[in-house]
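Residue numbers (numbering that gives the first Met the number 0), protein chains in the order written: chain A, 0 to 647; chain B, 0 to 647. In this text, a Cβ means the ideal position worked out from N, Cα and C, and glycines have one as well. What follows is a single structure, written as C-alpha cells, with notes after it.
Protein chains: 2
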Amino acid sequence: MALGERGGWDKSESRYCGVETEYDEDVPSLLSSNLNSGGFDFVVAPLMDPNYRPSLVEETSSESRALPFAGSDLILSPSQWSSHVVGKISSWIDLDSEDDTLRRDSEITLKQEIAWATHLSIQACLLPSPKGTRCANYARCVNQILQGLSNMQLWLRIPLVKADDESMGENLDDLNDSWELWNSFRLLCEHHSQLSVALDVLSTLPSVNSIGRWLGESVRAAIVHTDCFLTNAKGYPCLSRRHQKIITGLFNHSVQVVLSGKPLHHLPGASSPVSHVDNNVNDMQRHPLRLYLDYVGYLYQKMEPLSEQERVELGYRDFLQAPLQPLMDNLEAQTYETFEKDSVKYIQYQRAICKALLDRVCDEDASTITTVLMVVGAGRGPLVRAALQAAEETGRKLKVYAVEKNPNAVVTLHSLVKLEGWENIVSIVSCDMRCWNAPEEADILVSELLGSFGDNELSPECLDGAQRFLKQDGISIPSSYTSFIQPITASKLYNDVKSHKDLVHFETAYVVKLHNIAKLSPSQPVFTFTHPNYSSNKSNQRYKKLLFEIPSDTGSAMVHGFAGYFDATLYKDVHLGIEPSMPTPNMFSWFAIFFPLRQPVCVRAGSPLEVHFWRCCGPTKVWYEWCVSSPTPSPIHNSNGRSYWVGL
Amino acid sequence: MALGERGGWDKSESRYCGVETEYDEDVPSLLSSNLNSGGFDFVVAPLMDPNYRPSLVEETSSESRALPFAGSDLILSPSQWSSHVVGKISSWIDLDSEDDTLRRDSEITLKQEIAWATHLSIQACLLPSPKGTRCANYARCVNQILQGLSNMQLWLRIPLVKADDESMGENLDDLNDSWELWNSFRLLCEHHSQLSVALDVLSTLPSVNSIGRWLGESVRAAIVHTDCFLTNAKGYPCLSRRHQKIITGLFNHSVQVVLSGKPLHHLPGASSPVSHVDNNVNDMQRHPLRLYLDYVGYLYQKMEPLSEQERVELGYRDFLQAPLQPLMDNLEAQTYETFEKDSVKYIQYQRAICKALLDRVCDEDASTITTVLMVVGAGRGPLVRAALQAAEETGRKLKVYAVEKNPNAVVTLHSLVKLEGWENIVSIVSCDMRCWNAPEEADILVSELLGSFGDNELSPECLDGAQRFLKQDGISIPSSYTSFIQPITASKLYNDVKSHKDLVHFETAYVVKLHNIAKLSPSQPVFTFTHPNYSSNKSNQRYKKLLFEIPSDTGSAMVHGFAGYFDATLYKDVHLGIEPSMPTPNMFSWFAIFFPLRQPVCVRAGSPLEVHFWRCCGPTKVWYEWCVSSPTPSPIHNSNGRSYWVGL
C-alpha cells in the first residue's frame with residue numbers, strides 16, 4: 000500500500016511500512032488483518048511458537064520430531080512469504096548466557112528458524128538484540144549462518160541508546176552505547192553485507208552526534224514504538240520535533256519504518272484524518288495502530304520533494320567510480336556534454352575573468368590595450384565562451400588562444416569558432432600545454448583542470464608547464480586550490496571496495512556521490528597549490544599530517560576512510576568548490592572523492608585520529624599515499640603508487 | 000673469526016660479532032684493522048660522508064653530480080662487501096622534522112645510500128633511530144624502499160628503553176617505551192619481513208617483562224655500548240648479571256652483537272686473558288675494543304651446550320607444520336619411529352597402568368583374576384609393551400586386545416607379538432575402535448590419541464566410540480585431558496603465515512617448536528574432556544571465554560596469535576603434557592600448537608585481552624573457531640571450519 004508518493008522520483012524502500020506482531024499460527028489471517036484491512040505493507044512476525052525449546056522436545060521424543068511450525072509453507076504463496084513477511088526470530092534466545100542448556104537451545108532454535116525462513120524465501124529476518132553487553136557466541140553462530148545464506152538479510156535489532164557521559168562509569172557492565180554492541184557484532188562477522196541493523200527508536204533519544212553515526216551504518220529498519228508518540232491537541236498521536244527529524248533522516252537513507260507496541264491513543268468512532276482504507280474493508284475492524292501508520296505516512300508525504308539535481312544524482316548515490324585520467328586518456332563527447340551543462344561553474348569563471356580584465360586594463364586603456372588570454376585545456380570551448388562574454392561585459396579587448404591536447408575536442412572547437420564568428424579573436428592550438436611553443440606571452444591563463452580532490456587530475460604539473468608563456472605579472476585563473484579531507488563512517492562503500500577481494504581496490508581513491516555516510520569531524524585542508532609558482536622549490540610533492548577530533552558526545556565511531564573535496568580560488572574573492580562548509584551552490588561537476596582504509600579504524604570517544612597524506616611524484620606518474628598513525632597505525636596505503644596513480 | 004664454538008651444533012648467526020665504526024674513505028684499511036687484526040667479523044660503517052647534504056650539492060652544481068661515495072665499488076671484492084660490511088645509513092637524517100629542507104635532504108640521502116648499498120650487494124643496512132616519537136614519514140619512505148628491495152635486510156636502530164610507570168605522564172612527548180616506536184614503524188610498513196630491529200643496549204635496562212617482548216620480534220642485532228661495561232677486580236671490562244642474561248638470551252635467539260663506543264678500560268701492556276690474535280698481527284696495534292670483544296666471546300663460550308633434545312629440535316624451531324590427521328590418514332612408519340623413541344611418554348603410561356592394575360586387583364586376587372586391557376590405537380605396539388611391563392612389575396595377570404585401524408601398523412604389530420612370544424596374552428584386532436564389536440568388556444582402556452592441543456586429533460570422538468566395550472566401573476587411561484592457550488608475540492610465525500597470501504593459512508592451527516616468541520601471560524585452560532563420559536549431555540562441542548591480563552610492567556605488546564598446549568591425567572597423579580608451567584620433562588612427542596590471528600592485536604598496558612575459543616562438531620568433521628573480542632574485536636576465525644578441520 001506504501002506510505003505515499005514523495006515529490007520527485009524517489010522509489011526507495013522507505014515507502015513501505017511494517018508492523019511488528021505476536022506469534023499467530025494463522026498467518027493468512029495475520030496478513031489479512033494487518034495488510035489488506037490494516038494498511039501496512041509487511042508484518043514482522045515470529046515464525047515459531049515462542050514456547051518451543053529444543054531441549055524439552057529432545058527429552059520426550061528424540062526421533063521423528065516435527066518442528067512446531069505455523070502450519071506448513073503452503074498456507075501462503077511463495078510471493079506472499081517473500082513480499083509481506085519479515086521473520087522475527089524468537090526473542091527468548093540468549094547465546095551468551097552462562098546457562099549451557101539455554102545457550103544450546105538458543106543456537107538450535109536460531110539455526111532452525113533461519114533454515115525455515117530460507118525455505119520460505121523470506122527476504123529478511125529480525126534477530127533479537129543481544130542480551131547484555133556480550134555477544135561473541137551469538138556473533139559466532141550468526142556468522143556461521145551468514146557463510147551459507149543465499150539472499151536473505153539478517154537485521155540485528157539494536158536499541159537506539161547511548162547514556163550521557165555523566166552517567167557513564169557508574170554501571171560499567173550496563174549498556175552505555177548500543178553502537179558498541181553493533182560494532183563488536185559486525186566486526187566479529189567481518190562487516191558481512193547481509194548483516195544490517197534494525198534500530199529500536201525509543202521515547203528517549205541520545206545526542207544528535209551519536210545518532211549521526213548510524214547514517215554511515217547499514218540500517219535497514221527503524222522500529223518505532225507507540226510510546227514514542229505524543230498526543231496532539233485533537234488527541235491524535237504525533238512525534239516530537241526531534242523524533243520527526245530522525246524519522247525523516249532515516250527515510251532519506253532508505254530505512255523502512257516498522258511500528259511496534261500497543262495502541263496508546265484511542266479516538267472512539269473518529270475516522271482517521273488521511274484514510275486510505277478501501278470501501279470493501281470499511282466494515283472490518285480498524286487496525287489498532289492505524290492512527291500511527293497514518294501519522295508516519297503524513298511525515299513521509301510532507302518531506303521536501305527532491306530537487307532536480309538530487310534526482311539526477313539519485314542513481315549515483317554511494318556508487319564508486321574510478322577517477323578520470325584526463326591527461327592520459329582523452330575525454331569522450333558524453334563527458335564534455337555533462338560538464339558543459341554546469342552553468343554555475345562557467346558563471347564563476349566569467350566573474351573571475353571579468354575582475355581580472357578590469358584589474359589588468361583600466362577604463363582609459365580599454366579601447367587600446369588588447370589582453371592576451373590563453374585557455375589551456377579548452378575542451379569544446381565553454382571557457383573560451385566565458386572569456387569572450389567577460390570581455391563583452393567589461394568592454395575590454397581580448398585575444399584568445401584556445402590550447403587543447405585532445406584532437407577530437409579540437410574538431411568541435413573549430414566548428415564552434417566558425418559558427419560563432421570568433422575567427423578574428425580566437426586562435427586554436429592543438430597541442431599539449433606542457434610542450435607548446437607559444438608565439439607570445441599571456442596576460443591571463445585560464446584553466447579548469449581540477450579533480451574532486453583539487454590537484455588529483457594533475458593541474459599543478461600542467462600549469463607548471465604552461466607557466467613558461469605567462470607574463471611575469473600575469474594572472475592564473477585559478478590562482479590557487481586546496482584539497483580537504485574528513486573521516487567518515489561508510490560501511491556500504493567499505494563493503495563495495497571489499498567485495499573486489501584485492502589490495503588494489505583498497506588503495507584506490509574513488510569519485511562518489513556520498514549519501515549513506517556519517518561525517519565524523521569537520522574537514523581540514525590538505526594540500527594547497529598556487530599559480531603562478533615562482534618559488535625556488537618547485538616540487539609538487541606534499542606531505543601533510545592531520546589531527547581530527549571527534550566530538551565527545553558522538554561516542555566511539557568507525558572510520559572506513561576519508562571523504563575528499565577541494566576549494567579553488569579562481570581570482571580574488573571568486574571561488575569554486577565542493578568543500579561541505581562552503582560549497583558553490585547548484586554546481587554538479589564534481590562529486591566527492593573517497594580514500595578507503597584497508598582496515599576500518601575504530602576511534603574511541605575523546606581520542607584523536609592522526610592521519611597522514613602524501614602527494615608523491617615520479618617521472619611518469621603522480622600518486623597519493625595515506626595512513627592512520629593514531630589511535631592504531633594502519634599500513635601505509637598505495638606505497639609507490641602500486642595500486643592507484645595518475646599518469647603524466 | 001667468530002666468537003667461538005658453542006657446545007652442541009648451534010651454527011647460529013650469533014657467533015659473529017661486529018663493530019660500529021666512524022666514516023672512513025679507506026674501507027680496505029678499515030676492514031683490515033677491525034677484522035684481520037681486530038678480531039671482529041664485520042663492521043657497521045657509514046657508506047657516505049656525513050657532511051653531505053643534497054640541498055647544498057644541488058645549489059652549487061645541478062648537473063653531473065657525482066655522489067661523495069667512499070671511493071668506488073672496486074675497493075673491495077663483492078664477497079667482502081657482502082660478508083663484512085653492514086651499511087650504516089647517515090645518522091643525521093630526520094624524515095619527520097618540521098624543517099622541509101632537512102626532510103627532503105633526508106629522503107634523498109636515505110634512498111641514495113640504500114641504492115648504493117644494493118649496488119654493493121651489502122646484506123644489511125642499519126637505519127638510524129627515528130628522532131623523537133614521530134615516524135610516519137620515515138616509515139613511508141622506508142616502506143617505499145622495501146617494496147623494491149632485493150635481499151637486503153634493513154635494521155631499524157631502536158634504543159632498549161622503557162620508562163617506569165612512575166615517571167610516565169611527566170613528559171608525554173618524550174619516549175616512554177621504544178617498543179611503541181618500533182610497533183608503529185612496522186605496522187606502517189605492514190610487518191615487512193626485510194625490516195627488523197637492531198637494539199641499542201644501554202647501561203640502564205628496563206624491566207624483565209618489557210625486555211621479554213623483544214624475543215617475539217624480529218631482532219637481528221644488539222648494539223652493546225662500551226659504557227654498559229663494568230670493571231672487574233683485575234681492571235677488565237665485564238657486564239652486570241642482568242646484562243649478561245640479556246646478551247645470553249639474545250645469543251639464544253640468533254641475535255648478533257655489535258660493539259660500539261670508545262674504549263673505557265685501559266690495561267697498559269697487559270695482554271688479553273683469552274687472546275686469539277694471530278702471531279703475524281701481534282706487532283700491529285691492538286684493537287681498542289679487543290677487551291670487550293674477548294668478554295663477549297667469553298659469554299658466548301660459557302653458555303650451556305645444547306641438550307640432545309635441543310639439537311634434535313633445532314631444525315624445527317619456529318617452523319610451521321600442518322597438524323596430523325591420524326584419523327583420516329594413516330601414519331607412516333617414519334612417524335611411528337619418531338614417536339616410539341619418546342621413552343618418557345611410555346614410562347608415564349606404564350606408571351599409570353601399574354597404578355590402575357593395583358587398584359583393580361588386590362594382592363590376594365593377583366594370581367586368579369585376569370585384567371582385560373584394551374589398547375585402542377595400538378600403532379606398532381609401544382603401549383602394548385608398556386602394559387605388559389606394568390603387569391610384570393605389579394605381578395598382575397593380563398589379557399590384552401590391541402586394536403588398530405591402520406592395516407600397515409597391524410603388520411608390524413603381528414610380527415612384534417610373534418617376536419616377543421606374546422601370542423597367548425595379546426589379541427590383535429585390525430579395526431576402527433568406533434565400530435569394533437568387542438567379544439568382551441574391558442577393565443582398562445588405554446589410548447594415546449592426543450594432539451598438541453589435547454583433543455585436536457579427535458580423542459574424545461574415538462573414546463566415545465570405544466566406551467561401549469568398557470565395563471561400567473572400568474578405567475580409561477587417560478582419564479582426562481585439558482587444552483591450554485596463552486597469547487604470544489610471534490612476528491616470525493605471523494610473517495610465515497602471511498607469506499601464503501590467503502585466508503586459509505590464517506585460519507589454520509600449526510604444530511610448531513616455538514622459539515622466537517614472547518609469552519605475554521600465563522596459559523589458561525580451555526577445554527577439558529573426561530573418560531569414560533556417562534553424563535547426559537554427551538556433546539563434545541565446547542565454548543570457552545578467556546581473559547588474559549598482561550603484567551603492567553610489560554608495557555603494550557603485540558599478540559600475533561595463541562600458543563596451545565595440553566595436559567593429560569593418565570591415571571590419578573600420573574600426568575603427561577606440554578603445558579609450560581608443568582611439562583613432562585624430556586618428552587619430545589609434542590610441539591606446541593599455534594593459532595594465528597589474521598590481524599595482530601595490540602594490547603595496551605593494563606587493558607585485558609578477551610579471547611573466545613569454540614570446538615565445533617559436524618557430521619563429518621570437527622573444527623575450532625576463535626576470536627578476540629577485546630580490546631578490539633577480530634573477525635571470527637575459521638567459521639564453519641572453512642579453512643581448517645579434522646576429519647572424523
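Output the distance between the C-alpha atoms of A:Lys-161 and A:Leu-155, rounded to the nearest integer angstrom. 17 Å
Got a sec, what are the start and stop residues for the beta strand (DSSP E) B:Lys-544 sits in? 541-547
What three-state label does DSSP hand A:Glu-422 in the structure shown? coil
Classify B:Asn-150 as buried or exposed, calling it buried when 16 or more other Cβ atoms lie within 10 Å of its own Cβ. exposed
Quick one: measure Cβ to Cβ for B:Val-558 and B:Thr-631, integer angstroms, because I've assumed they're closer than 8 Å. Actually they do not touch by this definition, with Cβ atoms about 11 Å apart.
For A:Gly-477, count the other beta carbons within 10 Å of its own beta carbon; 16 or more makes it buried, fewer makes it exposed. Which is it? What sits at residue 477 of chain A in the sequence shown is Pro, not Gly. Burial call: buried.
If we cut at 9 Å on Cβ distances, does A:Asp-172 have a partner in chain B? Because A:Asp-172 carries a pLDDT of 43, less than 50, the predicted location of this residue cannot be relied on, and the following value inherits that uncertainty. No, because no Cβ of chain B sits closer than 9 Å to the Cβ of A:Asp-172.
Under 9 Å between beta-carbons, which chain B residues line up against A:Val-613? List them in chain order, please. Just to set this straight, residue 613 of chain A is Trp in the shown sequence, not Val. Within 9 Å Cβ-Cβ: Asn-136, Arg-139.
Could you tell me the distance, in whole angstroms, from the CA atom of B:Leu-119 to the CA atom of B:Ala-44? 13 Å
If you follow the beta strand (DSSP E) that B:Gln-243 is in, where does it begin and where does it stop? Careful: B:Gln-243 lies outside any beta strand (DSSP E), inside the alpha helix (DSSP H) at 240-251.
Same chain, Cβ closer than 8 Å to A:Leu-545, five either side skipped, listed in chain order: Ile-484, Gln-523, Val-525, Glu-609, Val-610, His-611, Phe-612
Collapsed DSSP secondary structure at B:Asp-454 in the structure displayed: helix
For B:Asp-23, three-class secondary structure by DSSP: coil
Using CA atoms only, rank isn't needed, just tell me which of A:Asp-293, A:Leu-298, A:Asn-515, A:Glu-460 is closest to A:Lys-537. A:Glu-460
A:Lys-543 versus A:Thr-529: straight-line alpha-carbon distance, rounded: 16 Å
Run of the alpha helix (DSSP H) containing A:His-118, from where it starts to where it stops: 99-118
Which same chain residues end up closer than 6 Å to A:Arg-52 when comparing Cβ atoms and leaving out the 5 residues on each side of it in sequence? Asp-104
Identify the contact partners of A:Gln-320 in chain B, using a Cβ-Cβ distance below 7 Å as the criterion. The premise fails here: A:Gln-320 is roughly 27 Å from chain B at the closest Cβ pair, so nothing lies under 7 Å.
Can you tell me where the alpha helix (DSSP H) with A:Ser-498 in it begins and where it stops? Per DSSP, A:Ser-498 belongs to no alpha helix (DSSP H) and is neither H nor E.
For B:Ser-274, count neighbouring Cβ atoms within 10 angstroms of its own Cβ and tell me buried if that reaches 16, exposed if not. Caution is warranted here: a pLDDT of 47 is assigned to B:Ser-274, below 50, making its placement in the model unreliable, and the coordinate value is therefore given only provisionally. When all chains shown are included, B:Ser-274 counts as exposed.
Cα separation between B:Phe-338 and B:Met-581? 21 Å
B:Cys-461 - DSSP class collapsed to helix/strand/coil: helix
Quick one: does A:Arg-52 have its CB under 9 Å from some CB of chain B? no
Considering only C-alpha positions, which residue in the set B:Val-645, B:Pro-287, B:Asp-226, B:Gln-122 is nearest to B:Leu-266? B:Pro-287
Taking B:Trp-154 as part of the beta strand (DSSP E), name the residues at either end of that continuous run. 152-158
Is DSSP giving A:Ala-123 helix, strand or coil here? strand
Rounded to the nearest angstrom, what separates B:Val-374 and B:Asn-539 at their Cα positions? 22 Å
Residues of chain A with a CB under 7 Å from the CB of B:Glu-624: which are they? Arg-139
Excluding five sequence neighbours on each side, which residues of the same chain lie with their C-beta closer than 6 Å to the C-beta of B:Pro-531? Gln-466, Leu-469, Ser-475
With burial defined as no fewer than 16 other Cβ atoms inside 10 Å of the residue's Cβ, what is the status of A:Ile-111: buried or exposed? Reading off the sequence shown, one finds Gln at residue 111 of chain A, where the question assumed Ile. Per the 10 Å Cβ criterion, buried.
Could you tell me the boundaries of the beta strand (DSSP E) in which B:Cys-626 lies? 620-629
Rounded C-beta distance between B:Leu-34 and B:Asp-25? I'm assuming under 8 Å. B:Leu-34 to B:Asp-25, Cβ: 14 Å. No contact.
Cα-Cα separation, B:Val-223 to B:Gly-38: 16 Å
Every unbroken beta strand (DSSP E) within the region 503-583 of chain A, with a cutoff of 3 residues, ordered by chain: 509-511, 523-529, 541-547, 556-570, 573-576
Is the number of C-beta pairs between the region 414-426 of chain B and the region 397-405 of chain B that are closer than 8 Å three or more? yes
Where DSSP assigns a beta bridge to B:His-636, which residues make up the other side? B:Trp-625
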